[in-house]
Amino acid sequence: MSSENLAREVRELCLRLCHKHRASHIGGAYSVADILAVLYQDILEFHPEDAGWEGRDRLFYSKGHACTALYAVLEKKGFFQNLLEEFSVDGTYFTSHVNHHIPGVELSTGSLGHALGVACGTALAGKTLGKSWKSFAILSDGELDEGSNWEAFLFAPQQKLTNLCAVIDYNKIQSFGRIAEVLDLEPLADKLRAFRWQCLEVDGHDHQALRQALGDFKTGKTPGPLALVCHTIKGKGVSFMENQLAWHYKSPNDAQLEQGLKELAAHA
Amino acid sequence: MRSTFLSTLLDVAKHNDKIFLLCGDLGYSVLEPFAAAFPQRFLNVGIAEQNMIAVASGLAKEGYNVFVYSLGNFPTLRCLEQIRYDVCYHNLSVKVVAVGGGYSYGPLGTSHHTTEDFGVLRTLPRMRVAAPGDPHETAAITRYYGSLAGPGYLRLNKTGEFCVHPQSLEPVGPTTYCLKKGKTTAVLANGSMLQDVFQDPRFELNQWALFSVPFVKPMDLDWLVGLAQEFEELISLEEHQLSCGFGSALAEGLMDLYSQGKISRVPRLKRVAIPDVFVEHSGSQAYLKATVGLKL
Numbered sequence: 000m001s002s003e004n005l006a007r008e009v010r011e012l013c014l015r016l017c018h019k020h021r022a023s024h025i026g027g028a029y030s031v032a033d034i035l036a037v038l039y040q041d042i043l044e045f046h047p048e049d050a051g052w053e054g055r056d057r058l059f060y061s062k063g064h065a066c067t068a069l070y071a072v073l074e075k076k077g078f079f080q081n082l083l084e085e086f087s088v089d090g091t092y093f094t095s096h097v098n099h100h101i102p103g104v105e106l107s108t109g110s111l112g113h114a115l116g117v118a119c120g121t122a123l124a125g126k127t128l129g130k131s132w133k134s135f136a137i138l139s140d141g142e143l144d145e146g147s148n149w150e151a152f153l154f155a156p157q158q159k160l161t162n163l164c165a166v167i168d169y170n171k172i173q174s175f176g177r178i179a180e181v182l183d184l185e186p187l188a189d190k191l192r193a194f195r196w197q198c199l200e201v202d203g204h205d206h207q208a209l210r211q212a213l214g215d216f217k218t219g220k221t222p223g224p225l226a227l228v229c230h231t232i233k234g235k236g237v238s239f240m241e242n243q244l245a246w247h248y249k250s251p252n253d254a255q256l257e258q259g260l261k262e263l264a265a266h267a
Numbered sequence: 000m001r002s003t004f005l006s007t008l009l010d011v012a013k014h015n016d017k018i019f020l021l022c023g024d025l026g027y028s029v030l031e032p033f034a035a036a037f038p039q040r041f042l043n044v045g046i047a048e049q050n051m052i053a054v055a056s057g058l059a060k061e062g063y064n065v066f067v068y069s070l071g072n073f074p075t076l077r078c079l080e081q082i083r084y085d086v087c088y089h090n091l092s093v094k095v096v097a098v099g100g101g102y103s104y105g106p107l108g109t110s111h112h113t114t115e116d117f118g119v120l121r122t123l124p125r126m127r128v129a130a131p132g133d134p135h136e137t138a139a140i141t142r143y144y145g146s147l148a149g150p151g152y153l154r155l156n157k158t159g160e161f162c163v164h165p166q167s168l169e170p171v172g173p174t175t176y177c178l179k180k181g182k183t184t185a186v187l188a189n190g191s192m193l194q195d196v197f198q199d200p201r202f203e204l205n206q207w208a209l210f211s212v213p214f215v216k217p218m219d220l221d222w223l224v225g226l227a228q229e230f231e232e233l234i235s236l237e238e239h240q241l242s243c244g245f246g247s248a249l250a251e252g253l254m255d256l257y258s259q260g261k262i263s264r265v266p267r268l269k270r271v272a273i274p275d276v277f278v279e280h281s282g283s284q285a286y287l288k289a290t291v292g293l294k295l
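Quick mapping for you: the protein sequence lines, in order, are chains A and B. Residue numbers are given in numbering that gives the first Met the number 0: position 19 of the first sequence equals residue 18, and the series is strictly consecutive. Residue numbers are given in numbering that gives the first Met the number 0: position 29 of the second sequence equals residue 28, and the series is strictly consecutive.
Okay, structure coming up:
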């Protein structure tokens, strides 16, 4: 399967999940869907039947609210089944912020600004123990408001964490407004470079560009700490969701489900 | 206590290559021997406590038992949510060590008064909360934490404490120590308060019993049942706010035991603790304790 097809399947499943279970945050799930698809299809090493395999690459998903995208990609890659039936159902571990009790989820998140520091600690352990696996953190843009991230941004280059990559899903919209209007991050790439990170900017929906940048990090051609700033569109893939703050919260009704599925299928 | 903690941890780390020590840019003249002995397992992460706990969590996920060392409120209240969610929820082996418990850095001001840590931390599931009363208890708890999977909190005083126990203690984990036998009244001392009351002549005069109780959590309920059966009055002593601390834990335990029918009567419990105030003036630890009424 190509990463493009995987991304489309992930978006379809996210749509069904949010429709069936009245879940939120589909906008952020769609902005990160291509990033996740490229990572899981072409970059990360893992064994779905042995989720805790020691040699796996560690992926820390800091934007835990966009859980449907991570859960969907993990199901598509074979970590578990029955997501659509079990998601957010009483008694299952499929909470609507990602949960480490689910195979393939390294860290429960949902409170923002937690995962990058943990990814730093894991990268430090990997370096200390001479491991070849890599440590990835996927961050939202809004959560860069949290000071804890900037503590971690200071820490990683100081410790020369060449095995660490922070992927930033820069969709320009946070919970209650546009980034530029709430707490502007610009010039983001310059800030990260000033913090002594390698920083690359890519179109976060361009699979080839993502593959190139993430692949070069994975092979060691681009040593970390690498910040990959992915310019994305909140709600990407379904026209009426794109760039709309409301889809941080709304879940699709029956007509919106049909319309969304139709638009996604047209991209096949 | 600081030096005992460090010398004990050094010894533990010699036999356990999974011990890692992080500090938040504090520990001058204390931590250097560990840094020299185990440079690969020591790191000063800077004045960034949220990141310190997160990094500790990442290291713990990869199999380390990580001690994080800083002062009072900084590795506790400042980064509370990281402790709650990253450490406790994931049940990771991170041991938070705070030096300067209570008013031991009294003259440095209210920022350095560590007087709400028990209450905040003991509500966290999986967390253990301990404040040793002398160097031997410090060593025993450090060894226990060195072999314990999961979270723990160790509140240290500072330096110069005398040994109450005549010899080293087994690292058996949460336990209580009967130091003076008595009847009718039992004094239950936590942390530095043990130092203050140990030589009080009233133990002999009044035949009071004295227990050292370093662990605020978990509370030994079997021991509490015995206390309730044996004594008419309990006096708890702690260098912590009255609410949610050691005395509160005792009161809760006694009430739970009574409501469950495991004890038939509840002894009077007098709680000596800080009466819900900040101390806003300067003062030595002894002076500030006296100011807020921390005395037997």
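Yeah, the Cβ is synthetic: ideal placement off N, Cα and C, and Gly gets one too.
Distance cut-off 6 Å: residue i Cβ against heavy atoms of the ligand NAP
{"i": "A:Ser-110", "result": "As for the ligand NAP, it is missing from this structure, which has no ligand bound."}
Nearest-angstrom Cβ-Cβ length linking residue i and residue j, presumed shorter than 8 Å
{"i": "A:Thr-67", "j": "A:Leu-143", "result": "Not confirmed; about 22 Å, so no contact."}
{"i": "B:Asn-156", "j": "B:Ser-69", "result": "Rounded, the Cβ-Cβ distance is 15 Å, inconsistent with contact."}
{"i": "B:Gly-71", "j": "B:Thr-109", "result": "Actually they are not in contact, since the Cβ atoms of B:Gly-71 and B:Thr-109 sit about 11 Å apart, beyond 8 Å."}
{"i": "B:Pro-213", "j": "B:Leu-241", "result": "About 19 Å separates the two Cβ atoms, so there is no contact after all."}
{"i": "B:Leu-236", "j": "B:Val-271", "result": "5 Å"}
{"i": "B:Gly-132", "j": "B:Ser-247", "result": "About 19 Å; that fails the 8 Å criterion."}
{"i": "B:Gly-181", "j": "B:Phe-202", "result": "7 Å"}
{"i": "B:Arg-1", "j": "B:Thr-158", "result": "5 Å"}
{"i": "B:Asn-64", "j": "B:Lys-17", "result": "5 Å"}
One or two residues paired with residue i in a DSSP bridge
{"i": "B:Arg-201", "result": "B:Arg-201 is not bridged to any residue."}
{"i": "B:Tyr-176", "result": "B:Ser-211"}
{"i": "B:Asn-64", "result": "B:Ile-18"}
{"i": "A:Asp-215", "result": "Bridge partners of A:Asp-215: none, in fact."}
{"i": "A:Phe-135", "result": "A:Leu-58, A:Cys-164"}
{"i": "A:His-230", "result": "A:Tyr-169, A:Asp-202"}
Below-7 Å beta-carbon distance, residue i vs any chain A residue
{"i": "B:Gln-206", "result": "no"}
{"i": "B:Ala-248", "result": "no"}
{"i": "B:Asp-85", "result": "yes"}
{"i": "B:Asn-15", "result": "no"}
Contacts that residue i makes with chain B (C-beta to C-beta distance below 9 Å)
{"i": "A:Thr-127", "result": "Phe-19, Gln-39, Arg-40, Leu-58, Glu-61, Tyr-63"}
{"i": "A:His-113", "result": "Gln-49, Ala-53, Ser-56, Glu-80, Gln-81, Tyr-84, Asp-85"}
{"i": "A:Ser-107", "result": "Tyr-84, Asp-85, Tyr-88, His-89"}
{"i": "A:Ala-193", "result": "Result: empty, since nearest Cβ-Cβ is about 17 Å, beyond 9 Å."}
{"i": "A:Gly-223", "result": "Here the premise fails: no neighbours, minimum Cβ distance about 15 Å."}
Distance, residue j Cα to residue i Cα
{"i": "A:Cys-119", "j": "B:Ala-97", "result": "23 Å"}
{"i": "A:Leu-184", "j": "A:Lys-62", "result": "17 Å"}
{"i": "A:Leu-182", "j": "A:Ala-188", "result": "16 Å"}
{"i": "A:Gly-214", "j": "B:Leu-79", "result": "37 Å"}
{"i": "A:His-230", "j": "A:Gln-211", "result": "15 Å"}
{"i": "B:Asn-15", "j": "B:Val-93", "result": "15 Å"}
{"i": "B:Pro-134", "j": "A:Leu-160", "result": "38 Å"}
{"i": "B:Thr-11", "j": "B:Ala-34", "result": "Rather than Thr, the amino acid found at residue 11 of chain B in this sequence is Val. Approximately 14 Å, taken between the alpha carbons."}
{"i": "A:Ser-87", "j": "A:Asn-98", "result": "11 Å"}
{"i": "B:Lys-216", "j": "B:Leu-256", "result": "16 Å"}
{"i": "B:Met-126", "j": "B:Leu-209", "result": "26 Å"}
{"i": "B:Asp-85", "j": "B:Thr-75", "result": "13 Å"}
{"i": "A:Gly-236", "j": "B:Glu-238", "result": "59 Å"}
{"i": "A:His-206", "j": "A:His-266", "result": "14 Å"}
{"i": "B:Leu-193", "j": "B:Lys-13", "result": "31 Å"}
{"i": "B:Phe-73", "j": "A:Leu-5", "result": "45 Å"}
{"i": "A:Glu-53", "j": "A:Cys-164", "result": "19 Å"}
{"i": "A:Asn-242", "j": "A:Gln-255", "result": "16 Å"}
{"i": "B:His-280", "j": "B:Pro-106", "result": "8 Å"}
{"i": "B:Val-95", "j": "B:Gly-149", "result": "11 Å"}
{"i": "A:Val-104", "j": "B:Ala-53", "result": "17 Å"}
{"i": "A:Ser-139", "j": "A:Ala-226", "result": "12 Å"}
Chain A contact residues for residue i, given Cβ-Cβ distances below 9 Å
{"i": "B:Gly-45", "result": "Glu-150, Leu-153, Phe-154, Gln-157"}
Residue i at chain B interface by Cβ criterion, 7 Å
{"i": "A:Thr-299", "result": "Given that chain A is displayed from residue 0 to residue 267, the structure contains no residue 299 of chain A and the question cannot be resolved."}
{"i": "A:Ser-61", "result": "no"}
{"i": "A:Val-117", "result": "yes"}
{"i": "A:Ala-124", "result": "yes"}
{"i": "A:Ser-110", "result": "yes"}
{"i": "A:Thr-94", "result": "no"}
{"i": "A:Ser-147", "result": "yes"}
{"i": "A:Thr-121", "result": "yes"}
Residue i: contacting residues in chain C (beta-carbon distance under 7 Å)
{"i": "A:His-99", "result": "In the structure shown, chain C does not exist; the protein chains are A and B."}
Chain B contact residues for residue i, given Cβ-Cβ distances below 7 Å
{"i": "A:Val-166", "result": "The contacting residues do not exist; A:Val-166 stays about 17 Å from chain B at best."}
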